[in-house]
Amino acid sequence: MVASQDTDAFGELIRRHQSQVRNFLRRLTRDETLADDLAQDCFLHAWDKIHTYTGSGSFIGWLLRVAYTTFLQSKRKSKRYREIVEQAGHEAEQAPTAIEGDPEAELDVDTLMAALNEQERVIMIFSYACGLSHREISEATDLPAGTVKSIIHRAKEKIRTQFEIEDHQYG
Amino acid sequence: MKSKIINMADKTSDAVDRLLASAFAADPVADDGFSNRIVSKLRRRIWVNRLALPVAILVGAAFALKPAVQIVNALLPLLNAVPIEIARVPMEFLPQIQWVVLGGMAFAAGVTLVKMLEET
Chain C
583 MVASQDTDAF GELIRRHQSQ VRNFLRRLTR DETLADDLAQ DCFLHAWDKI
633 HTYTGSGSFI GWLLRVAYTT FLQSKRKSKR YREIVEQAGH EAEQAPTAIE
683 GDPEAELDVD TLMAALNEQE RVIMIFSYAC GLSHREISEA TDLPAGTVKS
733 IIHRAKEKIR TQFEIEDHQY G
Chain A
4 MKSKIINMAD KTSDAVDRLL ASAFAADPVA DDGFSNRIVS KLRRRIWVNR
54 LALPVAILVG AAFALKPAVQ IVNALLPLLN AVPIEIARVP MEFLPQIQWV
104 VLGGMAFAAG VTLVKMLEET
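From first to last, the protein sequence lines are chains C and A. Read in order, the letters of the first sequence correspond to residues 583 to 753 in our numbering. Read in order, the letters of the second sequence correspond to residues 4 to 123 in our numbering.
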């Protein structure tokens with residue numbers, strides 16, 4: 583039905599998935615207004631490209647791929663977007679990377695993500711914020727599933743080492 | 004989204020997994036008219052796309068009509084060189100050439116409009 587360009591059905595899909603898409607873009611950009619602008623662009627692109635969704639993978643996986651592509655395109659094209667995203671990345675790098683005192687002190691996402699490079703951040707957001715499987719992340723990022731798995735493993739090891747996390751913690 | 008994160012946390016027992024799952028756990032983003040705004044924008048865009056061609060044809064016709072008539076009028080004297088037997092039939096139609104041009108444009112716009120209505 584959506585493939586036949588039915589705006590009502592597409593509206594229902596937007597209502598169902600807007601939260602995940604906006605959350606994903608908010609995590610990436612760390613700017614709510616920019617993320618919502620990008621989410622809007624993402625859904626408009628999704629409308630134009632809906633015929634390319636074959637139904638083989640999950641729809642949210644496909645949609646987040648469109649969102650990620652929209653994010654990358656905007657980052658390349660728009661000076662304003664690039665500045666905000668670079669500023670967000672810079673702030674993340676300056677965030678504290680170790681919590682002194684209480685080892686179980688609350689570590690927020692920004693602090694954790696500061697330990698990772700951009701590619702690792704994106705994949706961890708796909709995996710933990712969006713709940714995508716390795717195969718879905720592989721499709722969204724055009725990386726082999728094995729590479730996705732090893733990036734997640736490497737990122738987790740970085741976090742474990744950086745914040746001295748023991749296996750009994752956060753149980 | 005929350006359920007997926009909880010499922011993921013259930014699957015894994017690793018401390019970093021649990022930490023990441025809780026750090027990334029977020030309340031769903033409220034719609035607050037976001038979906039309706041996009042659907043309205045989509046509908047507007049569809050109508051603009053559909054109207055673009057007929058409007059372009061009509062505007063083009065409006066601009067092209069006067070020069071087309073002038074060209075025809077400029078060519079009319081050349082027809083004097085043509086033997087009267089050959090020129091008789093076209094001469095009867097030539098004064099109405101602007102209507103032929105306008106009719107052609109209107110026909111093209113009409114066909115486009117019908118096609119557009121069929122798609123609606």
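C-beta atoms are modelled at their ideal positions from N, C-alpha and C, and glycine is treated no differently. Predicted model only: the values in this text are computed from it and were never measured.
Distance CB(HIS599/C)-CB(LEU645/C) smaller than 8 Å: One-based indexing of the first sequence puts residue 599/C at position 17. One-based indexing of the first sequence puts residue 645/C at position 63. In contact: HIS599/C and LEU645/C (Cβ atoms closer than 8 Å).
Supposed close pair GLY643/C, LEU714/C - CB separation, criterion 8 Å: As a working mapping, residue 643/C is identified with position 61 in the first sequence. As a working mapping, residue 714/C is identified with position 132 in the first sequence. At roughly 6 Å, the Cβ-Cβ gap stays under 8 Å, so GLY643/C and LEU714/C are in contact.
Span of the alpha helix (DSSP H) around SER732/C: Counting from one through the first sequence, the residue named residue 732/C turns up at place 150. First-last of the alpha helix (DSSP H) with SER732/C: 727-744.
Expected contact under 8 Å - CB spacing of VAL42/A and THR651/C to nearest Å: Reading the second sequence from its first residue, position 39 is the one you call residue 42/A. Reading the first sequence from its first residue, position 69 is the one you call residue 651/C. The pair is not a contact, with the Cβ atoms about 22 Å apart (cut-off 8 Å).
Backbone CA spacing between ILE719/C and ILE705/C [nearest angstrom]: By 1-based counting over the first sequence, the position of residue 719/C is 137. By 1-based counting over the first sequence, the position of residue 705/C is 123. For ILE719/C and ILE705/C, the distance between alpha carbons rounds to 7 Å.
Rounded separation between LEU68/A and LYS631/C - CA only: Residue numbering aside, residue 68/A sits at position 65 when the second sequence is read from its first letter. Residue numbering aside, residue 631/C sits at position 49 when the first sequence is read from its first letter. Going from the Cα of LEU68/A to the Cα of LYS631/C covers about 40 Å.
Any C-beta of chain C under 8 Å from that of LEU56/A: In the second sequence, residue 56/A corresponds to position 53, counting from 1. It does not; no Cβ of chain C falls within 8 Å.
Assigned exposure category for LYS738/C - 16 Cβ within 10 Å defines buried: Within the first sequence, residue 738/C is the residue found at index 156, counting from 1. That one is buried.
Backbone CA spacing between ILE74/A and LEU54/A [nearest angstrom]: By 1-based counting over the second sequence, the position of residue 74/A is 71. By 1-based counting over the second sequence, the position of residue 54/A is 51. Using only the alpha carbons, I get a separation of about 30 Å.
The segment 47-65 of chain A in contact with the segment 607-620 of chain C per 3-pair CB rule at 8 Å: no
Test: ASP588/C CB closer than 8 Å to a CB of chain A: On the first sequence, position 6 is the one that residue 588/C refers to. False, the Cβ-Cβ gap to chain A never drops below 8 Å.
CB contact below 8 Å: GLU682/C versus chain A: As a first step, residue 682/C must be located in the first sequence, where it is residue number 100. Confidence in GLU682/C is poor, its pLDDT being 49 and thus under 50, which makes the residue's placement too unreliable to answer from.
Own chain partners of CYS712/C with C-beta closer than 7 Å, once the 5 adjacent residues on each side are dropped: Here residue 712/C is taken as the residue at index 130 of the first sequence, counted from 1. Counting only Cβ-Cβ distances below 7 Å, and skipping sequence neighbours, we find GLN602, PHE606, LEU646.
8 Å Cβ cutoff, TRP644/C in contact with chain A: The residue labelled residue 644/C in the question sits at position 62 within the first sequence. Chain A contact via Cβ: absent.
Short Cβ contact (8 Å threshold) for GLU748/C with ALA18/A: On the first sequence, position 166 is the one that residue 748/C refers to. On the second sequence, position 15 is the one that residue 18/A refers to. Contact: yes.
Complete alpha helix (DSSP H) runs within the segment 599-640 of chain C (minimum length 4 residues, chain order): 614-631
Alpha-carbon spacing of ARG597/C relative to ILE707/C, whole angstroms: Numbered from 1 along the first sequence, position 15 holds the residue referred to as residue 597/C. Numbered from 1 along the first sequence, position 125 holds the residue referred to as residue 707/C. Cα to Cα, the separation comes out at about 21 Å.
Straight-line Cα distance separating HIS627/C from GLY593/C: The sequence position of residue 593/C within the first sequence is 11, counting from 1. The sequence position of residue 627/C within the first sequence is 45, counting from 1. The straight-line gap from Cα to Cα measures roughly 14 Å.
Chain A contacts made by the segment 601-626 of chain C, where a contact means CB separation under 8 Å: SER601, GLN602, ARG604, ASN605, ARG608, ARG609, ASP618, ALA621, GLN622, PHE625, LEU626
Amino acids of chain A, ordered along the chain, whose beta-carbon sits closer than 7 Å to that of ASP690/C: Position 108 of the first sequence, counted from the start, is the residue given in the question as residue 690/C. What ASP690/C touches in chain A: ALA26.
Which of helix, strand or coil DSSP assigns to GLU748/C: Working through the first sequence from its first residue, we reach residue 748/C at position 166. In this structure, GLU748/C counts as coil in the three-state DSSP scheme.
Between the CA atoms of ALA697/C and LEU22/A - distance to the nearest angstrom: Counted from its first residue, the second sequence places residue 22/A at position 19. Counted from its first residue, the first sequence places residue 697/C at position 115. Approximately 14 Å, taken between the alpha carbons.
Three-state class that DSSP yields for ASP590/C in the structure shown: Start at 1 with the first residue of the first sequence, and residue 590/C comes out as number 8. ASP590/C falls in the helix class under three-state DSSP.
Alpha helix (DSSP H) segments (min. 4 residues) lying fully within the segment 686-728 of chain C: 691-695, 700-706, 716-723
When LYS44/A, LEU105/A, ARG48/A are compared against ALA71/A, the one with the closest alpha-carbon: One-based indexing of the second sequence puts residue 71/A at position 68. If we check each option's Cα against that of ALA71/A, LEU105/A comes out closest.
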